[in-house]
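Following: one structure in C-alpha cells, then a few remarks.
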Amino acid sequence: DAGVTQSPTHLIKTRGQHVTLRCSPISGHKSVSWYQQVLGQGPQFIFQYYEKEERGRGNFPDRFSARQFPNYSSELNVNALLLGDSALYLCASSLEPPGGAGNEQFFGPGTRLTVL
Amino acid sequence: SQKIEQNSEALNIQEGKTATLTCNYTNYSPAYLQWYRQDPGRGPVFLLLIRENEKEKRKERLKVTFDTTLKQSLFHITASQPADSATYLCLSGSARQLTFGSGTQLTVLP
Chain A
838 DAGVTQSPTH LIKTRGQHVT LRCSPISGHK SVSWYQQVLG QGPQFIFQYY
888 EKEERGRGNF PDRFSARQFP NYSSELNVNA LLLGDSALYL CASSLEPPGG
938 AGNEQFFGPG TRLTVL
Chain B
8 SQKIEQNSEA LNIQEGKTAT LTCNYTNYSP AYLQWYRQDP GRGPVFLLLI
58 RENEKEKRKE RLKVTFDTTL KQSLFHITAS QPADSATYLC LSGSARQLTF
108 GSGTQLTVLP
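Each protein sequence line maps, in turn, to chains A and B. FYI, in the numbering used here the residues of the first sequence are 838 to 953. FYI, in the numbering used here the residues of the second sequence are 8 to 117.
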C-alpha cells in the first residue's frame, strides 16, 4: 500500500504570492493533519481535519487555510507569502483524529517551500 | 500556552550503551505523549505511545515512561546501534492540540 503522498516535493515562490500544497492520506485514513517544520526545529501543528471538518488549529495566522475533500485528501493554502514561511510542510494521516486518543500518525515526505 | 521541551539538542553515546532522552511539559496535562524518529529529509516515524494513566511502555529495545508528577517523559534506547542515529521528537496531544518538542539529535558512535 502507498504511504502518505504530498505534492509538490519542492516549490519556490516569491513574497506576496499564494501557494497550494496537496496531501493524499493512506487508504482508509480519514484524518489529516498539517505541520510546518523550520530547519532545526520540531514540527509546528497547523491544522487537523477529520471527515472534512476542522478538528484543531494551531497558532498560525489567517493567511493559512486548509480543507479536506470527500476522498479525504487535503490541501493547505498559504496567502501573501512571507520569507518566514519558508519551511518543510508535513502532512500526516491517521485512521481517526490523533487528538484525544493518541492515534498513530503516518507522515508524508513533506513539501519543501522556499520563499524568496 | 502549551509548551513542551526536549532538554538536549544533541546527544552522543557509544554503541551498546543506553540512550536516555527527556521531554518536559508545562502549563497543561497532555492526554498522552508520543515519540517519533526523524531522519534527514524525511517525515517523522511513529515509535511509541504512552497515555497519562500509564507509567511505562516497552517495544523491543525501546522504553518510554510518563511521570505526571514531574511532568516528564523519558525515552530509552537500550543496546544502542549506529543505525539508531537520528532526531527523536516527542509529541503531546489533547483533543484539539498537537505539540511537538524541538527534538534531540542522537548520534551513536561505533
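Every residue, glycine too, gets a C-beta built ideally from N, C-alpha and C.
| Asked | Found |
| --- | --- |
| For F906 (chain A), is the classification buried or exposed, using 16 other Cβ atoms within 10 angstroms of its Cβ as the cut-off for buried? | exposed |
| Can you find a CB in chain B that lies within less than 8 Å of the CB of G879 (chain A)? | yes |
| Shorter than 8 Å from the beta carbon of L876 (chain A) to some beta carbon of chain B? | no |
| Taking a cut of 7 Å between CB atoms, which residues from the region 921-941 of chain A lie near chain B? | L927, P935, G936, G937, G939, E941 |
| Using a Cβ-Cβ cutoff of less than 7 Å, which residues in the same chain neighbour K62 (chain B) once the five nearest sequence positions on both sides are dropped? | T72, F73 |
| Identify each residue in the region 71-94 of chain B for which the Cβ-Cβ distance to at least one residue of chain A is less than 9 Å, and report them in chain order. | T94 |
| According to a CB-to-CB cut-off of less than 7 Å, which residues of the region 14-47 of chain B neighbour chain A? | A38, Y39, Q41 |
| So L28 (chain B) and T106 (chain B) are supposed to be a Cβ contact under 8 Å. How far apart are they, rounded? | Their Cβ separation, rounded to whole angstroms, is 17 Å, which puts L28 (chain B) and T106 (chain B) out of contact at 8 Å. |
| Would you say R65 (chain B) lies against chain A (beta-carbon separation less than 8 Å)? | no |
| Within 10 Å of its beta-carbon, does S844 (chain A) have 16 or more other beta-carbons around it, so buried, or fewer, so exposed? | exposed |
| For a cutoff of 8 Å on Cβ pairs, would you count T106 (chain B) as touching chain A? | yes |
| For a test of the three-state rule: what should DSSP assign to L919 (chain A), helix, strand or coil? | coil |
| Give, in chain order, every residue of the region 879-911 of chain A whose Cβ lies closer than 8 Å to some Cβ of chain B. | G879, P880, Q881, F882, Q885, R892, G893, R894, G895, N896 |
| Within this structure, are the beta carbons of S36 (chain B) and E59 (chain B) separated by less than 8 Å? | yes |
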